[in-house]
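Colleague: The structure's right below; bear with me while I get my questions together.
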Amino acid sequence: MTLVLKAVRLFQRISCSVRMASTSLIKEGCAEVMLPDGVFYNPVQEFNRDLTIAIVNQFGKLHRREAILKMKDKMSETPDSPCGLKILEALAASGIRSVRMALEVSNVSSIVANDLSPEAVALIQKNVAHNNVENIVSTVCGDAVDLMHQRRSFGEKDYEYFAMQLAASQHGKVIEPLLSLSVDFYIRVFVRVWSSPISVKAIAAKHGICYICRGCLAHHIQPLGEAVNTSKVVAAALGPPIGPQCIECGSKFHVFGPIWIGPLHSRTFLHEFLSDLGYPPKNVDNGISSCLNGENHSSSTQLDISNGSSESKVEVSTHSLTNKNYRTFKRIIGMVTVAYEELPDVPLYYIIDQLASVFGCTMPKQPDL
């Protein structure tokens, strides 16, 4: 049995060496990566990577502004430069996303590219060296969960995760969704995580039970909690919101949940994101403001952090994002604009063809909707 295992491992090493001997160069964004034959590369995911680069870039500017404001509040006479982003890509594979972030995202201090496969880590190291970003990107070969437990200081993490608020609540944290998209065959969610044990108690108001009519598909939401006085004090909600039968058609209800009924996007963040890309959205209400002090910033933000002196100022550019590195630029603008224009207080939606079936009518054409 031992000889068989040794033979299998030897065959795997030989196969890996053969694959590594024949490679293809893939150009994406500012990066050029080597992919051995047999290594999977999905060009459809280029939109995913373009979107990630753009959003992290925007978050980096927000992070820098917040850091400058904190230094200004401290009234430091010799303010230090704000720390850059520390990024973890927990499932890095070929490392193309990490390399692109190192080349295309400003205000980055370090990136850790992790993968469980030693062959994948070796490939990442080659791609990092090929793009001359060894000073920014380091590699780790290990389990993603173990790595995140060992290193908790990452400002931005890229990984697959579910029930994020439930997991965050267990550590006294809350999430703030910045952008949530359903794209092709996957769902992409960008969130900020805040340490706030008090706010965890208010999370019940952002979860609810849904009642959907079996006949006409009308739905009703029952929040699990209700804010009292302030959003940080939540009492048990009163219910149910409906009777045993639908008031529209008399049918009974299906019940499912709990589901997230809080915001799926941050309008202030998306407003600045689109504006910085040169496509400012139309204000859908009067409450839109920027992420900084409720003011609109067009081209740059100049903050005095010199304790009253006009000699020391830091200017933060807000137009570093362009479309030159994004082949999917138009789709990014379209998808984010659609998200920005969604109704903020409507957690669910109707599918038109299902409604047409309920009413026994012909499905209307898309241009007529």
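Mapping of the sequence shown onto our numbering: position 117 corresponds to residue 191, and the numbering continues sequentially without gaps. For every residue, glycine included, the Cβ atom is placed at its ideal position computed from N, Cα and C.
In this structure, what does DSSP give as the bridge partners for residue 269?
Modeller: Position 195 of the sequence shown, counted from the start, is the residue given in the question as residue 269. Residue 269 is bridged by DSSP to 247.
Colleague: Report, in whole angstroms, the separation of the C-beta atoms of residue 168 and residue 198, which I expect to be a contact under 8 Å.
Modeller: Indexing the sequence shown from 1 puts residue 168 at position 94. Indexing the sequence shown from 1 puts residue 198 at position 124. About 7 Å separates the two Cβ atoms, so the contact holds.
Colleague: When the Cα atoms are used, what is the spatial distance from residue 353 to residue 249?
Modeller: As a working mapping, residue 353 is identified with position 279 in the sequence shown. As a working mapping, residue 249 is identified with position 175 in the sequence shown. So the alpha carbons of these two residues sit roughly 27 Å apart.
Colleague: For the beta strand (DSSP E) containing residue 211, name the first residue and the last one.
Modeller: Here residue 211 corresponds to residue number 137 of the sequence shown, with the count starting at 1. Per DSSP, residue 211 belongs to the beta strand (DSSP E) from 211–215.
Colleague: Quick test of your reading: residue 97 and residue 110, contact by CB under 8 Å. State the CB separation rounded to the nearest angstrom.
Modeller: Counted from its first residue, the sequence shown places residue 97 at position 23. Counted from its first residue, the sequence shown places residue 110 at position 36. Contact between residue 97 and residue 110 holds: their C-beta atoms lie close to 5 Å from each other, under 8 Å.
Colleague: Decide if residue 124 is buried, meaning its Cβ has at least 16 other Cβ atoms within 10 Å, or exposed.
Modeller: Residue mapping note: residue 124 aligns to position 50 of the sequence shown, counting from 1. It is buried - the Cβ of residue 124 has at least 16 other Cβ atoms within 10 Å.
Colleague: Rank 347, 170 and 293 by C-alpha distance to the C-alpha of residue 132 and give the top, closest one.
Modeller: Position 58 of the sequence shown holds residue 132. Nearest to residue 132 by C-alpha distance, out of 347, 170 and 293, is 347.
Colleague: Please classify residue 336: does DSSP put it in a helix, a strand, or coil?
Modeller: The residue given as residue 336 occupies position 262 in the sequence shown. In the structure shown, residue 336 falls within a coil segment according to DSSP collapsed to helix, strand and coil.
Colleague: Can you tell me where the beta strand (DSSP E) with residue 300 in it begins and where it stops?
Modeller: Taking the first residue of the sequence shown as 1, we reach residue 300 at position 226. Residue 300 -> beta strand (DSSP E) spans 299–302.
Colleague: Excluding sequence positions up to five away, which residues of its chain have a Cβ less than 8 Å from the Cβ of residue 128?
Modeller: Along the sequence shown, read from residue 1 onward, the residue named residue 128 stands at position 54. Correct list, in chain order: 347, 351, 395, 400 and 406.
Colleague: Near residue 307, which residues of its chain fall below 8 Å by C-beta distance, leaving aside the five closest residues on each side in sequence?
Modeller: The residue you call residue 307 lines up with position 233 of the sequence shown. Closer than 8 Å at Cβ, skipping near neighbours: 275, 276 and 301.
Colleague: Tell me, please, which residues DSSP counts as bridged to residue 98.
Modeller: The residue you call residue 98 lines up with position 24 of the sequence shown. For residue 98, the pairing in a beta bridge is given by DSSP as 109.
Colleague: My output table needs one value for residue 168: the three-state DSSP class, helix, strand or coil.
Modeller: Here residue 168 refers to the residue found at position 94 when the sequence shown is read from its first residue. Note: residue 168 maps to coil in three-state DSSP.
Colleague: Starting from residue 201, trace the beta strand (DSSP E) in both directions and tell me its first and last residue.
Modeller: Numbered from 1 along the sequence shown, position 127 holds the residue referred to as residue 201. It is not in any beta strand (DSSP E) - residue 201 instead sits in the alpha helix (DSSP H) that spans 192–204.
Colleague: Nearest CA to the CA of residue 62: which residue from 422, 130, 102 and 112?
Modeller: What is shown of the chain runs 75 to 443, which leaves residue 62 out entirely.
Colleague: According to DSSP, is residue 415 helix, strand or coil?
Modeller: On the sequence shown, residue 415 is found 341 positions in, with the first residue counted as 1. Note: residue 415 maps to coil in three-state DSSP.
Colleague: Short of 7 Å in beta carbon distance, which residues of its chain neighbour residue 271, apart from the five on each side in sequence? Order them along the chain.
Modeller: Position 197 of the sequence shown, counting from 1, holds the residue named residue 271. Excluding residues within five positions, the ones whose Cβ falls inside 7 Å are 246.
Colleague: Which value, in whole angstroms, describes the spacing of the CA atoms of residue 442 and residue 239?
Modeller: Within the sequence shown, the letter at position 368 stands for residue 442. Within the sequence shown, the letter at position 165 stands for residue 239. Their Cα atoms are separated by approximately 39 Å.
Colleague: With 16 other CB atoms within 10 Å as the buried threshold, where does residue 392 fall?
Modeller: The sequence position of residue 392 within the sequence shown is 318, counting from 1. In this prediction, residue 392 scores a pLDDT of 41, lower than 50, which makes its location untrustworthy; no coordinate-derived value is stated.
Colleague: Rounded to whole angstroms, what's the CA-CA distance from residue 288 to residue 258? Just pull it up for me.
Modeller: Translated into the one-based positions of the sequence shown, residue 288 becomes position 214. Translated into the one-based positions of the sequence shown, residue 258 becomes position 184. The alpha-carbon atoms of residue 288 and residue 258 are separated by roughly 28 Å.
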